[in-house]
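>
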Amino acid sequence: MNVLMVAILGVAQAVPVGPSDGSTQMPFGCTPQPIAGTVGHTVASQARETNAQLYGATAFAERAVFPRLDRKGAGGWTDRDGGAGVFAFDVNTITGAAWVPSVETGADCPQEYRVLEHRVDLHGAASALAFKSGPFGAFYVASVTGSSYASRVGSGFLPYAYGLGAAFGGYLAPFQPGFLNKDEPLRSRASDYIAGAQLDVWTLGTVRAGYVGSKGAFVQASGRLVRLFGAATIKDFARLGAAEYLRAGLDRQLWGRGDGALMAGATSLYGRRLRYRPPASVGAVADAATDFSTLHFQQTALFGVLDLDVAMGQAAGASFLHIGRVGLHTPAFAYVREIESDAAPPEDLASIERGGFFIDFGVTAGRVELPALPWYGVEGGGRFSGEAMVILWMPMDEGRLLISFATRTNAPELLDALPYAQGAVNTTFSIRLVL
């Protein structure tokens, strides 16, 4: 096994001949041929699968749908006439998620371009429809994710075009399961979906169950007065301890109502376990896995304008500071973006007003550290993490319309899923209509 790992690392650290900064204009006489069997090629192939998980249906449901349906004013056993509705849409791109050594072929291809690294970009689009009437609700979330192999200058725009092109294709996911192009892993698309229903547990919270097209059964529960939650994706109920994804804790808990609650903000405290597996092509170590356990503390909208994000991580018996970040934003930013609560309507907070729309924005900076994952060529260690987001939103009679744009690098949620995408640029365009 040690010999195999040395060989893998040797390939991962090999430096191609010629320009490799990702911005070189390739002569049209050159045709790139990715070198199969290299770590770069294997990682890029793995990235398409992880991208499908990160920006796929299940993750999008937890981000965009469930918090809205959990609102106290969204109906329940004691409010059978109440309800809620959600339409949500996201386009995500990751430029420079991986790099693949390639041989340039062609009779007219100059010698200095014969071996280069080509950038692999990822894209994903997800859409959601959900409603709740009284204590009952249903949801359907679909996604299309994929990768593109950058070969020339200007191809950095491709992930945006692909993402927008996949905007509503996810609704056909049940009829086109899995990867839509298995023969070209660097130019592929995958679809997934989650469909399910939910039921209020009196006034205490909600339980949900559904089916994920790519993974099987999905179960989730969350609290209402005390916002405890738990989620897992389970392939084999006989081996619950081997679940690929586990997450449970306290999610964005507001403490009371009024000005005091607004000054304190919302608290999240949760644990999570991710399981990193070597790419299948690694061979002898393909059955190995690294469990990465994290404990997170987040205080959002402290004093109305400050976010704190701290997490400890443990992997291979070593503990370290996984996340240390601070964010600053306008007073209504966190409440219109992610804190769903009847106790703090964003309309009551200060925003920049332009016509019938409000504008809010925020920035976050800090550090994120990952465990070493040698089969990906990841040494571990800390990286700068930064994010900027602007939100344009409009209050409506029974809800709001929200449009946002964000750009980030080394965001924790990105690197947790794609640890080899260090330094990649991630952008998100979102639309929300919540009622």
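Using our numbering, you'd call the opening residue of the sequence shown number 373 and step up by one each time. We treat Cβ as the ideally placed atom computed from N, Cα and C, and that holds for glycine. The structure displayed is predicted, hence computed values, not measured ones.
1) Return helix, strand or coil for Tyr707, following the three-state DSSP convention.
2) Helix, strand or coil, according to DSSP, for Pro404 in the structure here?
3) For the ligand GDP, is there any heavy atom lying closer than 6 Å to the beta carbon of Thr403?
4) Do you know offhand how far Ala744's Cα is from Thr662's?
5) Taking only three categories from DSSP, how would you classify Met766?
6) Name the DSSP beta bridge partners of Trp471, please?
7) Okay, do the region 627-644 and the region 725-735 touch, 3+ Cβ pairs below 8 Å being the bar?
8) Could you name the residues of the same chain whose beta carbon sits closer than 6 Å to that of Thr799, not counting the 5 residues immediately before and after it, in chain order?
9) Just mark Ser802 as buried or exposed, buried being the case when its beta carbon has 16 or more other beta carbons within 10 Å.
10) Checking contacts by CB at 7 Å: is Gly753 closer than that to chain D?
11) Drop a sphere of 10 angstroms on the beta-carbon of Arg804, count the other beta-carbons inside from all chains shown, and report buried for 16 or more, exposed for fewer.
12) Hey, Thr672 and Arg697: beta-carbon distance below 7 Å or not?
13) In whole angstroms, give me the CA-to-CA distance for Gly771 and Cys481.
14) Quick one, which of Leu680, Phe692 and Thr639 has its alpha-carbon nearest Ser665's?
15) My output table needs one value for Tyr521: the three-state DSSP class, helix, strand or coil.
16) Considering only C-alpha positions, which residue in the set Phe459, Pro546, Phe733 and Asp788 is nearest to Val677?
17) Can you tell me the Cβ-Cβ gap for Phe601 and Asp623, rounded? I've got them flagged as a contact below 8 Å.
18) With burial defined as no fewer than 16 other Cβ atoms inside 10 Å of the residue's Cβ, what is the status of Phe675: buried or exposed?
19) Are the beta-carbon atoms belonging to Thr467 and Val797 less than 7 Å from one another?
20) Name the one or two DSSP bridge partners that Thr799 has.
21) Take the Cβ of Trp747 as the centre, count every other Cβ of all protein chains shown within 10 Å, and call the residue buried at 16 or more, exposed below.
22) Should Glu371 go down as buried or exposed, given a rule of 16 or more other Cβ atoms within 10 Å for buried?
23) Residues in its own chain within less than 6 Å of Phe503 by CB, not counting five upstream and five downstream?
A quick look at the data gives this:
1) Of the three classes helix, strand and coil, the one that applies to Tyr707 here is helix, per DSSP.
2) Looking at Pro404 - three-state DSSP - the assignment turns out to be strand.
3) Absence of the ligand GDP is noted for the structure shown, with no ligands found whatsoever.
4) The straight-line gap from Cα to Cα measures roughly 10 Å.
5) The DSSP-derived three-state label of Met766 is strand.
6) Per DSSP, the beta bridge partners of Trp471 are Arg491.
7) Fewer than three beta-carbon pairs drawn from the region 627-644 and the region 725-735 are found closer than 8 Å, and the two stretches are therefore not classed as touching.
8) Result list for Thr799: Thr465 and Thr779, in chain order.
9) Buried: at least 16 other Cβ atoms inside 10 Å.
10) No chain D is part of this structure, which consists of one protein chain only.
11) The Cβ neighbour count for Arg804, taken over all protein chains shown within 10 Å, is at least 16; the residue is labelled buried.
12) No, the Cβ-Cβ distance between Thr672 and Arg697 is not below 7 Å.
13) Straight-line Cα distance between these residues: approximately 58 Å.
14) The shortest C-alpha separation from Ser665 is found at Phe692.
15) Reduced to three states, the DSSP call for Tyr521 is strand.
16) When each option's Cα is compared against that of Val677, the closest is Phe733.
17) Between Asp623 and Phe601 the Cβ distance is about 5 Å, and since that is below 8 Å, they are a contact.
18) It is exposed - the Cβ of Phe675 has fewer than 16 other Cβ atoms within 10 Å.
19) Yes, Cβ-Cβ distance for Thr467 and Val797 is below 7 Å.
20) DSSP lists Thr465 and Thr779 as the beta-bridge partner residues of Thr799.
21) Counting Cβ neighbours within 10 Å, Trp747 comes out buried, since at least 16 surround it.
22) Residue 371 lies beyond the residue range present for the chain, which begins at 373 and ends at 807; the question has no answer from this structure.
23) Within the same chain, Phe503 has close Cβ partners Gly457.
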